[in-house]
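Trainee: Going by numbering that gives the first Met the number 0, the first residue of the sequence shown is number 0, and it counts up by one from there.
Glycine included, every Cβ here is placed at the ideal spot set by N, Cα and C.
Everything numeric in this text was worked out from a predicted model, so none of it was measured.
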Amino acid sequence: MSGSKKPKDSKEVEIAEVSTDGISPRIMCGIVMPIASMEKYPSEHWSDVFAIIKDVLEGIDIGGELVSYAEESGVIHKRIIQNLYTAPIVICDVSGRNPNVMFELGMRLAFDKATIVIKDDETPYSFDTAPIEHLTYPKDLRYGKINAFRLDLEKKVLATLEASKEKDYSTFLKHLGPFKAAKIEEQTVGIDEYIIDELRSLRTSISTLYQNNNNNNRAYTTEIIGRKHGNEIIPIDRVRRSMTNLLQGPLTKDGKVLNFKEIASNSKAKENIVNYLYKKYGESYSHDELYQILEDTIVRMS
Numbered sequence: 000m001s002g003s004k005k006p007k008d009s010k011e012v013e014i015a016e017v018s019t020d021g022i023s024p025r026i027m028c029g030i031v032m033p034i035a036s037m038e039k040y041p042s043e044h045w046s047d048v049f050a051i052i053k054d055v056l057e058g059i060d061i062g063g064e065l066v067s068y069a070e071e072s073g074v075i076h077k078r079i080i081q082n083l084y085t086a087p088i089v090i091c092d093v094s095g096r097n098p099n100v101m102f103e104l105g106m107r108l109a110f111d112k113a114t115i116v117i118k119d120d121e122t123p124y125s126f127d128t129a130p131i132e133h134l135t136y137p138k139d140l141r142y143g144k145i146n147a148f149r150l151d152l153e154k155k156v157l158a159t160l161e162a163s164k165e166k167d168y169s170t171f172l173k174h175l176g177p178f179k180a181a182k183i184e185e186q187t188v189g190i191d192e193y194i195i196d197e198l199r200s201l202r203t204s205i206s207t208l209y210q211n212n213n214n215n216n217r218a219y220t221t222e223i224i225g226r227k228h229g230n231e232i233i234p235i236d237r238v239r240r241s242m243t244n245l246l247q248g249p250l251t252k253d254g255k256v257l258n259f260k261e262i263a264s265n266s267k268a269k270e271n272i273v274n275y276l277y278k279k280y281g282e283s284y285s286h287d288e289l290y291q292i293l294e295d296t297i298v299r300m301s
């Protein structure tokens, strides 16, 4: 049978073991971004964006994975928080203003660790994160501009990693005042204690899902949070409903009736809405906050 015997003059080839001592583990970059379809964004779009980010990272020998990813099973919320805390650098795509993404970005900024924020060219800046530099890419992912974005992202990742080595490095908090970054305490526990803790966390998660389901299946539970007005809490969603009613019009300008699109593109009309609501909710919300809520409402209605 061919290959079953060695030629007489053949020599044994010894393969030496390669030592991995002194070789640094590969840097892993956490990625925070939407993955499911949402208004104006099919799931395939996010797959393409994810592939672009991964390709940029691979080009500079850095691994990249969603912060929700893990090879082993476990409670996803703990995994996300742990990865948000431990990742040496995180890229966050706030395109479309996905609530989960914004929440995870807020957690990462609270840890005050290296973070790069990106968005497409159709998503407006959010009020809270506007002071942070955003790298912008074309929503249609057209070749010329996406290549320019890839180069910018590559440079930004390398520069941010280098800057994060400095002792007093801060992504966000130092610009607001003398705050201390949040930390996660680590402790060693026995296997039994670990399993019990995981089961408790799972039970809490299931209970939370059940309560949310009974609460009219709210998409954004945080919207029930509001501001105090005297002895009354003014929820954000009440302000949004008022804005929605006003945006649906009709409003009049110089005797002309304006529809939603005309109101949304008319700065004077929007200013009038904000001023009107400021008289009602001014003790709870600032003029700038109301204007930001109005812009968010317009995006949701578009």
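#1: Counting only the same chain and skipping the five closest in sequence on each side, list residues whose C-beta sits under 8 Å from that of V93.
#2: Tell me whether M27 sits in a helix, a strand or coil according to DSSP, three-state version.
#3: For Y284, which of helix, strand or coil comes out of DSSP?
#4: To the nearest angstrom, how far is the alpha carbon of P98 from that of D295?
#5: Does DSSP classify M358 as helix, strand or coil?
#6: In whole angstroms, what separates the C-alpha of Y168 from that of S264?
#7: Do you know whose CA, among R107, F259, N146, D111, lies nearest V48's CA?
#8: Are the Cβ atoms of V156 and L83 separated by less than 8 Å?
#9: Using the beta-carbon count (16 or more within 10 Å), is Y68 buried or exposed?
#10: What do you get for L150, buried or exposed, if any count of 16 or more other CB atoms within 10 angstroms of its CB means buried?
#11: Alpha carbon to alpha carbon, how far is Y142 from I34?
#12: Which residues in the same chain have their Cβ closer than 8 Å to the Cβ of T135, if we skip the five residues on either side of it in sequence?
#13: Whose CA, out of M32, L246, S163, L140, lies closest to the CA of M300?
#14: Look up K118 in the DSSP assignment and say whether it is helix, strand or coil.
#15: Where T114 and I51 are concerned, what is the direct C-alpha to C-alpha distance, given to the nearest angstrom?
#16: Where DSSP assigns a beta bridge to V89, which residues make up the other side?
#17: Taking just the CA atoms, how far does V66 sit from K166?
#18: Considering only C-alpha positions, which residue in the set Q81, M106, R78 is nearest to C91?
#19: Under 8 Å by Cβ, that's how I've got I272 and M242 pegged, so tell me the actual separation to the nearest angstrom.
#20: Look up E153 in the DSSP assignment and say whether it is helix, strand or coil.
#21: Please give me, in chain order, every unbroken run of the beta strand (DSSP E) with length at least 3 that falls completely inside the stretch 253-279.
#22: Quick one: what does DSSP say E64 is sitting in, helix, strand or coil?
#23: Can you name, in chain order, every residue of its own chain whose Cβ lies under 7 Å from the Cβ of W45, other than the five neighbours on each side?
Mentor: Quick answer:
#1: Start at 1 with the first residue of the sequence shown, and residue 93 comes out as number 94. Only V100, M101, L104, V116, I117, K118, T122, S125, T128, H133 meet the Cβ criterion.
#2: The residue labelled residue 27 in the question sits at position 28 within the sequence shown. Of the three classes helix, strand and coil, the one that applies to M27 here is strand, per DSSP.
#3: Locating residue 284 in the sequence shown gives position 285, counting from the first residue. Reduced to three states, the DSSP call for Y284 is coil.
#4: Looking up residue 98 in the sequence shown gives position 99. Looking up residue 295 in the sequence shown gives position 296. The alpha-carbon atoms of P98 and D295 are separated by roughly 12 Å.
#5: The first residue shown for the chain is 0 and the last is 301, placing residue 358 beyond what the model contains.
#6: Residue mapping note: residue 168 aligns to position 169 of the sequence shown, counting from 1. Residue mapping note: residue 264 aligns to position 265 of the sequence shown, counting from 1. For Y168 and S264, the distance between alpha carbons rounds to 41 Å.
#7: Reading the sequence shown from its first residue, position 49 is the one you call residue 48. Residue N146 is the option with its Cα nearest to V48.
#8: Reading the sequence shown from its first residue, position 157 is the one you call residue 156. Reading the sequence shown from its first residue, position 84 is the one you call residue 83. No. Outside cutoff.
#9: Sequence index remark: in the sequence shown, residue 68 carries index 69 (1-based). By the 10 Å Cβ count, Y68 comes out exposed.
#10: As a first step, residue 150 must be located in the sequence shown, where it is residue number 151. With fewer than 16 other Cβ atoms within 10 Å, it is exposed.
#11: Translated into the one-based positions of the sequence shown, residue 142 becomes position 143. Translated into the one-based positions of the sequence shown, residue 34 becomes position 35. If you take the alpha carbons of Y142 and I34, they lie about 22 Å apart.
#12: Looking up residue 135 in the sequence shown gives position 136. Correct list, in chain order: I117, K118, D119, D120, F148.
#13: The count along the sequence shown starts at 1 and reaches residue 300 at position 301. Nearest to M300 by alpha-carbon distance, out of M32, L246, S163, L140, is L246.
#14: Taking the sequence shown and counting its residues from 1, the one referred to as residue 118 is at position 119. Strand at K118.
#15: Within the sequence shown, the letter at position 115 stands for residue 114. Within the sequence shown, the letter at position 52 stands for residue 51. The straight-line gap from Cα to Cα measures roughly 18 Å.
#16: Position 90 of the sequence shown holds residue 89. BP columns for V89 point to G29, T114.
#17: Reading the sequence shown from its first residue, position 167 is the one you call residue 166. Reading the sequence shown from its first residue, position 67 is the one you call residue 66. Cα to Cα, K166 sits roughly 25 Å from V66.
#18: By one-based count along the sequence shown, residue 91 stands at place 92. Here the closest residue by C-alpha is M106.
#19: Position 273 of the sequence shown holds residue 272. Position 243 of the sequence shown holds residue 242. With 8 Å as the limit, I272 and M242 qualify as a contact, their Cβ atoms being about 7 Å apart.
#20: Indexing the sequence shown from 1 puts residue 153 at position 154. In this structure, E153 counts as helix in the three-state DSSP scheme.
#21: Inside the stretch 253-279, DSSP marks whole beta strand (DSSP E) runs of 3 or more residues at positions 255-257, from first to last along the chain.
#22: The residue given as residue 64 occupies position 65 in the sequence shown. Strand.
#23: Counting from 1 along the sequence shown, the entry for residue 45 is found at position 46. Counting only Cβ-Cβ distances below 7 Å, and skipping sequence neighbours, we find M32, P33, I34.
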